[in-house]
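One structure is given below, encoded as structure tokens.
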Amino acid sequence: MLKVTDIHTYYGNIHALKGITMEVHRGEIVTLIGSNGAGKSTTLSTITGLVRSKMGSIFFEDKDITSLSPDQIVKKGISLTPEGREVFPALTVEENLKLGAYIRKDKDGIQSSFDRVYELFPRLHERKKQTAGTLSGGEQQMLAIGRSLMTAPQLLMLDEPSLGLAPKLIETIFELIVSINQQGTTILLVEQNANMALSIANRGYVLETGKIILCDDARALQENDEVRKAYLGDILH
Amino acid sequence: MVTKKRWGERMVMEQLINGLTIGIIYALIAVGYSLVFGILRLVNFSHGSVYAFGAHMSLLFISMEFGIVPAIIASMIFTGMLGIAIDKLSLEPLRMKGSKPIAALITTIGISYIIQNMLMIVFGSETKSFPRLFNYGTVRIFGVNVGSTQIAIFFISLVLLVALTAIIHYTKVGLAMRGVEQNAKASYLMGINVNRVVTFTFFLGGVSAAIAGTLVSGYYQMVSPGMGFMPGLKAFSAAVLGGIGILYGSVIGGLVVGISETFAATYLGGSYRDAVAFIILILVLLVRPNGLFGKKGIKKV
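If you read the protein sequences in the order shown, they are chains A and B.
Counting from 1, one number per residue, gives the positions in the first sequence under UniProt numbering.
Counting from 1, one number per residue, gives the positions in the second sequence under UniProt numbering.
This is how it looks when you write it as structure tokens:
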């Protein structure tokens, strides 16, 4: 579905991605794990076209999307729920979701997306007339995911959905991610919380300083000693 | 005694109406500053010249005997297109290059002079006379005779301000404008073509400037290439006064500036007219640094 080949991305003189190659297949949950500054968010930003890679190519559904603009990439069916949620604070919950459906013209489809999002997140339905800035962190995260779903994505990319949330809420969010996946949306998940991410993912990539150092089944990564030591907070005896 | 008091009251009333007339025009111009500032965090200093351009377009189309209303509509369209051209040819390339905000600011000042000079080349630098618009005699309101021109100016401006507000609050593109204003990055991620939204904003700014320029010209019955300078500065201060980026703030700022300068000119003398807008601006900013209705910590995302 998504095929990223040897992308190199720079921020000024900083060589942030040094040749990332990865693949996501339809129906999967794939996770990118790695420490802070490893290039996880940059990888997602490059796929969405928010930042440009200097080299390499990105194919989605066998079409080259490497040089498309962010709005064109959304239209192809890729949506990113950015780190830090980035909701529109002074707009209501409903208006935030409406902007998610900005590119769509199918009225019935938009309505059923609204229904689906409100079904997944009943909280958002209760607060639909409230401005997004007044929501709690967890609610804003739900709104950010809901807003992405309103674009009717085939591939949903989530950047640190657990960031700053209470453990109980993190569990809820992860359960929701699984059910979104079961409803047919492919997911690429970036997480600091590698344990949680690997527990719901099919496969995982491990990033270190802009390079992929490991790629395996999620279960195998969970059992890999190096990964456990570096990212799962496991102290080996 | 009684007649003197009556005379005084009538004078106040008359000046209030004069102030409202000029104030609502400032409001129209101020809204143009506010719209662009809201989205780009950029003070578009070419706006005063866009306003002068609108007045000249109206003069051109009126002299071609289009009829007043079609002439104004044509001027709105052409001036709106000038707004689009300014953004597409100069500001968008700067944004794409990620240049510093100061570069865009200086560019708008440069464009302001380019437009003014083009107007001089095409129309001549002298002041030209403009027909009095909507001149159907006077009406008595609150014991004062008010010209139909003033009434027309007030209501046309009001209708336009309401229309602008409706566009921003009840249409899809308006929702996108508010989205871009609050979070440009998230707007990209929603698939919004941010550049197109910005361009549309410049179009709206041009349209409102064209109406303002035409109404002012129809009121004072004259047009000149440099006519946008003072009203542009005053409307900018009106926008800052109300809280730049906030539409109703700009409207109230415009009315405050218009009314206070009219009273200053009447009671303190004509030479105070131009200074008073800025004096009020400074006083308000000392007490409320973000303007009357401004929110704290406006930041470009």
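Glycine included, each C-beta is placed from N, C-alpha and C at the ideal position.
Quick one: what does DSSP say residue i is sitting in, helix, strand or coil?
i: A/F60; result: strand
i: A/N193; result: coil
i: residue 289 of chain A; result: The requested residue 289 of chain A does not occur in the structure, where chain A is confined to residues 1 to 237.
i: B/H47; result: helix
i: B/K300; result: With a pLDDT of only 41 at B/K300, under 50, the local geometry of the prediction cannot be trusted, and the value read off the model is given with reservation. Correct three-state label for B/K300: coil.
i: A/A16; result: strand
i: B/K128; result: strand
i: A/V51; result: coil
i: residue 304 of chain B; result: What the structure shows of chain B is the stretch from 1 to 301, and residue 304 of chain B is not part of that stretch, so it cannot be assessed.
i: A/T185; result: coil
i: B/K100; result: coil
i: B/M190; result: coil
i: A/R203; result: strand
i: B/K185; result: helix
i: A/K3; result: strand
i: A/E23; result: strand
i: B/I121; result: helix
i: A/I65; result: coil
i: A/K168; result: helix
i: residue 241 of chain A; result: This structure cannot speak to residue 241 of chain A, because chain A is shown only from 1 to 237.
i: B/L42; result: coil
i: A/E208; result: strand
i: A/L158; result: strand
i: A/L214; result: strand
i: A/T42; result: helix
i: A/T151; result: coil
Please check the pair residue i and residue j, which I expect to be a contact at CB under 8 Å, by giving their CB distance rounded to whole angstroms.
i: residue 260 of chain A; j: A/I78; result: Residue numbering for chain A in the displayed model covers 1 to 237; residue 260 of chain A lies beyond these limits and cannot be assessed.
i: A/T21; j: A/I212; result: 7 Å
i: B/N44; j: B/Y33; result: 6 Å
i: B/R132; j: B/G218; result: 6 Å
i: B/L40; j: B/I211; result: Not a contact, Cβ separation roughly 22 Å.
i: A/I33; j: A/G204; result: 6 Å
i: B/A238; j: B/S250; result: 6 Å
i: A/M196; j: A/I47; result: No, A/M196 and A/I47 are not in contact; Cβ-Cβ is about 22 Å, not under 8 Å.
i: A/T66; j: A/T92; result: 36 Å between Cβ atoms; not a contact.
i: B/T201; j: B/L35; result: 5 Å
i: A/R147; j: A/L189; result: Their Cβ separation, rounded to whole angstroms, is 17 Å, which puts A/R147 and A/L189 out of contact at 8 Å.
i: B/L105; j: B/L42; result: 7 Å
i: A/M142; j: A/F121; result: 4 Å
i: residue 327 of chain B; j: B/I156; result: This structure gives no information on residue 327 of chain B, because the portion of chain B shown stretches from 1 to 301.
i: A/E94; j: A/D159; result: That pair is no contact at about 24 Å.
Which ranges does the alpha helix (DSSP H) cover as unbroken runs of at least 4 residues, wholly within the region 71-147 of chain A, from first to last along the chain? 93-100, 107-120 and 122-126
Okay, do the region 72-92 of chain B and the region 238-245 of chain B touch, 3+ Cβ pairs below 8 Å being the bar? no
Short of 7 Å Cβ to Cβ, which residues in the region 179-190 of chain B face chain A? G179, Q182, N183, K185, A186, Y188, L189 and M190
Mind the definition here: the region 227-239 of chain B touches the region 48-63 of chain B only if three or more C-beta pairs lie below 8 Å; say whether that holds. yes
Counting pairs of beta carbons, one from the region 264-282 of chain B and one from the region 49-66 of chain B, are three or more of them closer than 8 Å? The answer is no - the region 49-66 of chain B does not touch the region 264-282 of chain B, with fewer than three Cβ pairs under 8 Å.
Given 8 Å as the limit, is there contact between the region 137-155 of chain B and the region 194-207 of chain B, that is, 3 or more CB pairs closer than that? no
Contiguous alpha helix (DSSP H) assignments of at least 4 residues, all confined to the region 137-183 of chain B: 148-170 and 172-182
So if I threshold CB-CB distances at 7 Å, which residues from the region 191-221 of chain B count as touching chain A? Flagged, chain order: G191, I192 and N193.
Cβ contact check for the region 51-58 of chain A and the region 100-115 of chain A: 3 or more pairs under 8 Å: no
Are the region 4-16 of chain A and the region 129-146 of chain A in contact at 8 Å, needing three or more beta carbon pairs? no
When you check each C-beta in the region 85-99 of chain A against every C-beta of chain B, which residues fall closer than 8 Å? E86, V87, F88, P89, A90, L91, E95, K98 and L99
Quick one: which unbroken alpha helix (DSSP H) runs of 4-plus residues sit fully inside the region 203-253 of chain B? Chain order, please. DSSP runs (the alpha helix (DSSP H)) wholly in the region 203-253 of chain B: 229-242.
Positions along the region 147-177 of chain B whose CB lies within less than 8 Å of some CB in chain A: K172, L175 and A176
Residues from the region 31-52 of chain A in contact with chain B, defined by Cβ distance under 7 Å: T48 and L50
At a Cβ cut of 9 Å, what residues of the region 71-83 of chain A count as close to chain B, listed as they run along the chain? Within the region 71-83 of chain A, the qualifying residues are D71, Q72, I73, V74, K75, S79, L80, T81 and P82.
Length-filtered (4 minimum) alpha helix (DSSP H) runs lying within the region 65-91 of chain B: 68-86
Contact list for the region 135-155 of chain A against chain B, Cβ threshold 9 Å: A144, R147, S148, M150 and T151
Using a beta-carbon distance cut-off of less than 7 Å, what residues from the region 99-116 of chain A approach chain B? If the cut-off is 7 Å between Cβ atoms, the region 99-116 of chain A has L99, G100, Y102 and I103 near chain B.
In chain order, each alpha helix (DSSP H) run of at least 4 residues that lies wholly inside the region 246-292 of chain B: 247-267 and 273-287
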